[in-house]
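Working notes, beginning with the structure itself.
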Amino acid sequence: MRKIYSIALLAILWSCGNKTEEKETVTEEEIEEPIQEVKQYSGDERLASINLPENFHISVYAEVPNARSMVLSESGTLFIGNRQEDKVYAVKDTDNDGVADKKYIIAEGLKSPNGVALKNGDLYVAEISRILKFADIENNLETPPSYTVVYDEFPTDEHHGWKYIAFGPDGKLYVPVGAPCNFCNPEEDVYASITRMNADGTGFEIFAEGIRNTVGFTWHPENNNLYFTDNGRDLMGDNVPFCELNIATEKGQHFGFPFCHSGEIADPEFGTLRGCEEFKKPYRNLGPHVAPLGLKFYTGSMFPAEYKNQIFIAEHGSWNRSKKIGYRIQMVSNKAEDGKPTYETFIDGWLDEEEQEAWGRPVDVLIAKDGAMLISDDKAGLIYRVTYKG
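In my numbering, the protein residues as written are 33 to 422.
Following this line, the structure appears as structure tokens:
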């Protein structure tokens with residue numbers, strides 16, 4: 033049973049997107065998520081609006097402007113990228129009280145340094161067209177080293193150009209390249225794909241294709257299959273197409289974009305070129321326009337047993353839908369029942385449904401060593417910590 037907290041939300045002078053009654057007049061060039069106002073909130077003053085399952089609790093772990101993708105080191109340093117600013121941050125809870133008390137600026141002057149990853153003590157950062165490496169980062173938090181460029185041949189397109197990155201079980205760095213458009217059929221194969229390379233930038237290859245824009249992926253804790261979210265295209269209506277959760281089981285699989293959406297919906301412009309039966313179908317269709325981003329399997333021991341190895345997805349929320357949807361953490365079952373995995377809300381409350389205003393937008397999730405869940409929020413500029421105490 034979910035415990036519902038209620039409190040009157042303060043109005044926020046911000047809109048997640050432009051509303052228009054004549055959607056057919058909107059051009060593709062206008063379909064790009066607008067730059068949002070980033071406002072910092074100190075303390076826990078808004079957390080009373082958050083709805084959690086019984087015996088779960090949420091608190092502010094850190095304040096980080098435009099907090100986006102996260103990676104946690106073995107010693108507990110949390111590195112955070114951002115999309116709208118030029119910095120990479122690190123925070124640390126040195127007294128183990130559940131609140132970060134140290135904050136560092138690792139780099140600044142970068143271009144949408146959204147993605148962060150760690151390998152052998154080195155921090156990797158993804159800009160729009162480059163992968164950077166900061167060597168031996170944890171021993172140099174106070175005076176971060178200059179970066180070296182690992183790879184600099186990604187497209188420079190800003191449309192879907194920000195990147196989530198992570199090292200896979202094979203030791204390779206996985207880097208997505210979004211479609212440079214709302215919907216199009218790019219000539220260059222690298223667009224709408226997930227690529228991978230060795231840690232030194234060699235061995236570059238396309239791993240999966242037909243992926244409009246993924247800003248989050250992870251690997252199954254037992255079979256190492258790659259699970260990733262994909263954001264559906266716009267201008268097909270409020271409820272079509274669905275965003276997706278997909279599984280890549282081997283190199284070379286195609287997931288449909290731009291020809292087929294949600295595994296079964298032919299694209300109005302490109303659907304006649306190739307049929308939906310040619311492509312790998314989603315593991316689970318998610319809500320329409322919910323903008324799913326980061327995801328993780330729950331591998332900790334703090335939460336009750338029924339949460340073990342379930343998939344948690346941060347839904348950033350719709351920005352151009354007539355009625356907003358998303359702005360929540362969803363749980364998808366790791367095992368399909370009757371051929372379809374369950375899809376249910378784990379945490380919500382960042383969106384005031386009546387006022388249609390959101391004070392926060394979840395971006396990424398990860399599981400800390402103690403089993404707590406960390407959630408980044410780029411609109412509120414916060415990192416949350418979710419714990420369970422029965």
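Here a beta-carbon is modelled for each residue, glycine too, at the ideal position from N, C-alpha and C. Just so you know, these numbers come straight off a predicted model, no measurement behind them.
Quiz item: Can you give, in chain order, each stretch of the beta strand (DSSP E) that sits fully within the segment 152 to 183 and has at least 3 residues?
Solution: 154 to 158, 163 to 166 and 180 to 183
Quiz item: Should SER74 be labelled buried (16 or more other beta-carbon atoms within 10 Å of its own) or exposed?
Solution: Interpretation of SER74 is limited by its pLDDT of 49, a score under 50 that renders its predicted location unreliable; the figure taken from the coordinates is listed afterwards. Counting Cβ neighbours within 10 Å, SER74 comes out exposed, since fewer than 16 surround it.
Exercise. Take ASN271 and list the residues in its own chain whose beta-carbon comes closer than 7 Å to its own, dropping the five residues that flank it on each side.
Key: PRO320
Self-check item: Rounded separation between ILE297 and GLY210 - CA only
Solution: 20 Å
Quiz prompt | Proximity winner among ASP221, GLU310 and LYS328, relative to CYS292 (alpha-carbon distances) | solution = Relative to the Cα of CYS292, the nearest Cα in the group ASP221, GLU310 and LYS328 belongs to GLU310.
Practice problem: Check whether the segment 193 to 205 touches the segment 164 to 174, taking contact to mean three or more Cβ pairs, one atom from each stretch, closer than 8 Å. | Solution: By the Cβ test, the segment 193 to 205 is not in contact with the segment 164 to 174, since fewer than three Cβ pairs between them sit closer than 8 Å.
Self-check item: Closest residue to THR175 among ALA198, GLY381, ALA139 and PRO201 (Cα-Cα distance)
Solution: With distances taken between Cα atoms, THR175 lies closest to ALA139.
Practice problem: Kindly provide the ranges of any alpha helix (DSSP H) runs that are 4 or more residues long and lie completely inside the segment 75 to 104, ordered along the chain. | Solution: none
Quiz item: Hey, out of ASP410, LEU406 and ARG244, whose CA is closest to CYS216's CA?
Solution: ARG244
Exercise. For PRO201, count neighbouring C-beta atoms within 10 Å of its own C-beta (all shown protein chains included) and say buried if the count is 16 or more, exposed if not.
Key: exposed
Quiz item: Which residues bound the beta strand (DSSP E) around GLY326?
Solution: Note, GLY326: beta strand (DSSP E), 324 to 329.
Quiz item: If you run the structure through DSSP and keep just helix, strand and coil, what is ALA390?
Solution: strand
Quiz item: Under the rule that 16 or more other beta-carbon atoms within 10 Å means buried, what is LYS401, buried or exposed?
Solution: By the 16-neighbour rule on beta-carbons within 10 angstroms, LYS401 is exposed.
Quiz item: Cβ of VAL222 within 7 Å of Cβ of LEU277?
Solution: no
Quiz item: Any idea which residues DSSP pairs SER225 with across the strands?
Solution: VAL209 and GLU241
Quiz item: Hey, out of GLY422, GLU241, LYS421 and TRP391, whose CA is closest to LEU414's CA?
Solution: Minimum Cα distance to LEU414 is reached at TRP391.
Practice problem: Can you grab the Cα-Cα spacing for the pair GLN239 / VAL182, in whole Å? | Solution: The sequence given here places Phe at residue 239; Gln does not occur at that position. Rounded to the nearest angstrom, the two C-alpha atoms are 19 Å apart.
Practice problem: Output the residue ranges of the beta strand (DSSP E) runs that lie fully inside the segment 285 to 373 and measure 3 residues or longer, sorted by chain position. | Solution: 324 to 329, 343 to 347 and 360 to 364
Practice problem: Classify MET33 as helix, strand or coil using the three-state DSSP reduction. | Solution: Note that MET33 scores a pLDDT of 41, beneath 50, so its modelled location is shaky and nothing firm can be said.
Quiz item: For LYS143, which three-state DSSP category applies?
Solution: coil
Quiz item: Taking just the CA atoms, how far does ASP127 sit from GLY264?
Solution: 42 Å
Quiz item: Apart from the five residues on each side of it in sequence, which residues of its chain come closer than 7 Å, Cβ to Cβ, to PRO253?
Solution: PHE329, THR331 and ASN341
Exercise. Note down, in chain order, each residue of its chain lying with its Cβ closer than 8 Å to the Cβ of CYS308, except the 5 sequence neighbours on either side.
Key: GLY288, PHE291, CYS292, GLY295, GLU296, ILE297 and ALA298
Self-check item: Span of the beta strand (DSSP E), counted from its first residue to its last, around THR188
Solution: Unbroken run through THR188: none, as it is neither H nor E.
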